[in-house]
Amino acid sequence: MTRYNPREAEPKWQAAWAEAGVDAAADPTQSDREKYYVLEMFPYPSGRIHVGHSRNYTMGDVVARYKRAKGFDVLHPMGWDAFGLPAENAARERGVHPRDWTLENIRVMRGQLQRLGLAIDWTREIATCEPDYYKHQQAIFLKLFERGLVVRKKAKVNWDPVDQTVLANEQVVDGRGWRSGAIVVQRELDQWFFKITDYADELLEGIETLDRWPDKVRLMQKNWIGKSRGARILFPFVEKDDARRFGCEGIEVFTTRPDTLFGASFLALAPDHAVTNALGAEDPSVESFQDYCRRTGVSEEEIEKAPKRGLDLGVKVRHPFDKDWELPVWTANFVLSTYGTGAIFGSPAGDQRDLDFARKYDLPVTPVVLPPNADPKTHKITDEAYTGDGTLYNSRFLDGLTTAEGIDRAIAKLEEVGLGEGATTYRLRDWLVSRQRYWGCPIPIIHCDNCGVVPVQEELLPVRLPDDVRFDKPGNPLDRHDGWRHVDCPECGAPARRETDTLDTFVCSSWYFLRFTSPWREDIPFDPEVAKAWMPVDQYVGGIEHAILHLLYARFFTRALRDAGLIDLPSGEPFAGLFTQGMVTHRTYRSDDGRWLGPNEVEERDGQTVEIATNKTVSVGQLEKMSKSKKNVVDLDAFIEDFGADAARWFVLSDSPPERDVEYTAEGVDGVWRFIQRVWALCDGHPQGAPSPSADVPACDGADLELRRTVHRAVKDVSDAIEGFRFNSAVASIHELVNEIRRHKGEGDAAIAARSEALGLMARLISPFMPHLAESCWERIGGEGLVATQGWPDYDPALITADSVTLPVQVNGKRRGEIVVARGAPSDAVEATALAEAGVARSLEGLTVRKVIVVPDRIVNIVAG
RNA sequence: GCGGGCGUGGCGGAAUUGGUAGACGCAAGGGACUUAAAAUCCCUCGGCCGCAAGGUCAUGCCGGUUCGAUCCCGGCCGCCCGCACCA
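Mapped onto this note's numbering, the consecutive letters of the first sequence carry residue numbers 7 to 871.
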């Protein structure tokens, strides 16, 4: 009897799989088998992989191996989301070039993933920072530019004046740059945008077709797009002069409730609305109000708590339905310039914010919507607005209409008088893709004083990132790299400048799944025929943190590429199935002086947790997602060294449902180790010369037949669990199977044959989860070839349905006994057996049976009183 | 504030169309083997009553529908997530 040694077995089987080429994907255009594309969100090469990261890849791998065994042509590739800020931070902090840092991380992480035994087709590996990837991205950019989907417009950015760089929102902490600590200012820059809003409706409608996505993610996308229907209304200026002053005829507002127009009491503009800005330039009090709003605009918490504030701008507009009705125009801190038209009309009775504002500044409140069953004479609005539906009143020609009718009627009237129209707005904004950074895909554009914005000719792609850059000064090194920046204009030949912005890394991840289908094509981003055959991704696996942006951008990209004729994908949907997995969490430890401590820096002593180095007690903190910053990570290599890849794979799938977090515990790992050894011991103890696990089992009965039933039942349960992404249930079923096999004794031929079959099926059921152990078991019990090349086992339906069933018998809903009857036995016979059962008869003493419910093959319930 | 989700033993969780609540794992306790330990194996393991057979309560709380509710409906409490002054 030997112990199972993963350190020997795992490299051996990984070499055997490589030798047999089992992980290479077939060419789907040359195959008549069904395809299955399974993909995990590709990682950012941040350094090393820990056990937490491995959960996502293991889930994808289980699916890949299962589908492969089921006879699908499986595509299961891996790559690297290799551009991004951490590489530049490393460059600044440690003087290492972003490319070297990134490539080294990739090398390390690739090795880690390979040691995990993932069934990945490594010949398709891509890294987005390589010119042979971003070259195609630049070509795609130009294609979208040609089609008018790329535009340049001004946008506000967070500017760090010390680092001279643009900051992402999460890099602004309490109004200050996260690195420099300088106060961040808002700056307007010319920026590149993708016109994702052109696809707002299609992206919204497409959500309905994504029936294999979590409802939660679909809802989040829906809210993000935020479509709302209503009307755009022009309130003309009272003073003719104002039209000239502000360069427009009046104030345009967006509303979802044009039916409440007769309740209007004021207009409110965003503090940075064009008209507010114009007034701010001449009126110091307006300017100081704008300053106030800008200041509170920095911290979210303050915005939350900020009371409604406004300022009367002294401008007057006319009501669209009554030219003698004048309304004051205010500016208010709760109006967003980025939504709708940046202006609202306040109808205080029907909107809480408007009401708060009106009460504060003593503006009129006219109720116009009468709630159902309310009396118009007594209905009053005090501190609470009525936002529901009802009947319109105090509203002239709208009186008596319902809310819905009123909206239609008001819009019709607005159109009639030429002061408005039905309109739809979206919360979704265009996708800002400019980043004032070095380590990203260069935007293939040249700025010429004569010709303006000129695209780089396609044959000159890629526009390569220069390697000779320095990070010793703040700002974007590309801006200072004159040799790279200065080029001749492709159109007129005059001296011109390259665009120094690089693309948001979300662009890279918006089409990588297409590149995987034919990564060797140098001339085009991907082969349209091959991409058509593989797409869409059948199962995408990743974190919930990408529920909105990444998935929405990718959905936009596939539509844009489809419309540009690059891919034949009528639905435009890249991911047919999506699964969002939970994290691996681990306890956190902190020393007295606030240092985070790793799990191997502390130990338990007499019920206390102490730091090994100092012998001081440490405080045991919350469960947190494994992360480097909290030091609660368990490195994958160290884990594999101790317990093997299979243990890591099995652990992260055990116990918790895949969509929920799972807690890493040393005890749990010990349990996995014991289980692996038990499985191995079962196989190792199997007699040499026993029948092959694939041989037919002779007729058997008793315990042997029971074993066969159990095993075939397990085949069904595990298959169903994998199909349903319930890996924790699959793990439980395999545990039960192993327990049953262990209980089975008997040395006769039938017993040994039944055990051969059981162990063989066990190995195959285990193989998607613990592929190395499965191969070792399979080899030991005399299986032919590799488990990796076996088909998925079928169960014998006759074996999973027993001839007799055990039925619980309830009396008045309480279980009082159980009976064994033939499967499908007639109800009256079942009833008679149930009534005769001793325990049942006892509890029926003194009662009259009123009714007997027999649910065939499930339960009997006797109603008695 | 709006939207969504979740509450089951000491713990993670099963129970997939309303039909035996607590599968499986972890922890804990007891025992076997051993000079001892480790490893391994066996047994117990929701609460209460009971020597036991068995009874009884129990899936956050209150109520409803049903022969029967962890599951469906209404109300409440708690926790988590997303968006956040969206006109």
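Backbone N, C-alpha and C define an ideal beta-carbon position, used for all residues, glycine too.
Legend entry - Run of the alpha helix (DSSP H) containing Ser401, from where it starts to where it stops: Looking at the DSSP string, Ser401 is not in any alpha helix (DSSP H), and its letter there is neither H nor E.
Inset, instruction - Output the boundary residues of the beta strand (DSSP E) element that contains Tyr595. - result: 590-596
Legend entry - Given 8 Å, three or more beta-carbon pairs between the segment 645-660 and the segment 674-689: yes
Inset, instruction - Check whether the Cβ atoms of Gly236 and Ser401 sit closer than 9 Å, and answer yes or no. - result: no
Legend entry - Straight-line Cα distance separating Gly766 from Pro704: 16 Å
Legend entry - For Gln227 and Thr586, the rounded distance between their alpha carbons: 14 Å
Legend entry - Spatial distance of Trp798 from Arg770 (CA atoms): 7 Å
Legend entry - Boundaries of the beta strand (DSSP E) in which Asp328 is found, first to last residue: 328-338
Inset, instruction - Could you check if Trp331 is buried or exposed, using at least 16 other CB atoms within 10 Å of its CB as the buried criterion? - result: exposed
Inset, instruction - Identify whether Leu273 lies in helix, strand or coil by the three-state DSSP scheme. - result: strand
Inset, instruction - Please list, in chain order, all residues of the same chain as Phe151 whose beta carbon is under 7 Å from its beta carbon, the five residues on each side excluded. - result: Pro461
Inset, instruction - Flag this pair as touching only if the segment 161-173 and the segment 473-484 have three or more C-beta atom pairs under 8 Å; answer yes or no. - result: yes
Legend entry - Classification of Ser60 by the beta-carbon crowding that lies within 10 angstroms, buried from 16 upward: buried
Inset, instruction - Within 10 angstroms of the Cβ of Lys386, are there 16 or more other Cβ atoms? Answer buried if so, exposed if not. - result: exposed
Inset, instruction - Could you check what DSSP says for Pro890 in three-state terms: helix, strand or coil? - result: This structure does not reach residue 890, given that the chain is present from 7 up to 871, and the question cannot be answered.
Legend entry - Close Cβ partners of Leu853 (< 7 Å) along its chain, the five nearest in sequence each way excluded: Ala870, Gly871
Legend entry - CA nearest to the CA of Leu273, picked from Gln296, Asn339, Ile772: Asn339
Legend entry - Cβ distance (whole Å) where Glu211 is taken to contact Arg565 below 8 Å: That belief does not hold up - the Cβ atoms of Glu211 and Arg565 are roughly 11 Å apart, past 8 Å.
Inset, instruction - Express the C-alpha separation of Tyr63 and Tyr546 in angstroms, rounding to a whole number. - result: 11 Å
Inset, instruction - Using only alpha-carbon positions, find the residue among Tyr432, Phe351, Arg732 that is nearest to Asp661. - result: Arg732
Legend entry - DSSP-derived helix/strand/coil call for Ile257: strand
Legend entry - Nonlocal neighbours in the same chain, by C-beta distance under 6 Å from Ser762, ignoring five residues either side: Ala696, Pro697, Pro699
Legend entry - From Asp690, Gln614, Gly588, residue whose alpha carbon lies closest to that of Tyr595: Gln614
Inset, instruction - Below 8 Å on the Cβ atoms is my guess for Lys160 versus Glu194; work out the distance and round it to an integer in Å. - result: 5 Å
Inset, instruction - Can you give me the start and stop residues for the alpha helix (DSSP H) that His692 sits inside? - result: Premise fails: His692 is in no alpha helix (DSSP H) and is neither H nor E.
Legend entry - Under 9 Å between C-beta atoms of Val744 and Met768: yes
Legend entry - Straight-line gap, Val304 to Ala188 (C-alpha atoms, nearest Å): Because Val304 sits at a pLDDT of 44, beneath the cut-off of 50, its placement in the model cannot be relied upon, and the point is left open.
Legend entry - CB contact flag (Thr523, Asp87, <9 Å): no
Inset, instruction - Ignore the nearest five residues each way along the sequence and tell me which others in Thr397's own chain have a CB closer than 6 Å to its CB. - result: Leu376
Inset, instruction - Check whether the Cβ atoms of Thr431 and Phe260 sit closer than 9 Å, and answer yes or no. - result: yes
Inset, instruction - Answer yes or no: do Cys689 and Arg786 have a C-beta to C-beta separation smaller than 9 Å? - result: yes
Inset, instruction - With DSSP as the reference, please indicate the residues paired to Arg153 in a beta bridge. - result: Arg153 is not bridged to any residue.
Legend entry - Where Thr35 falls: helix, strand or coil (DSSP): helix
Inset, instruction - Could you work out which residue in Lys41, Asn867, Tyr670 is closest to Phe645 when comparing CA atoms only? - result: Tyr670
Inset, instruction - Would you kindly check if the distance between the Cβ of Val28 and the Cβ of Leu575 is under 9 Å? - result: no
Legend entry - Thr430 - DSSP class collapsed to helix/strand/coil: strand
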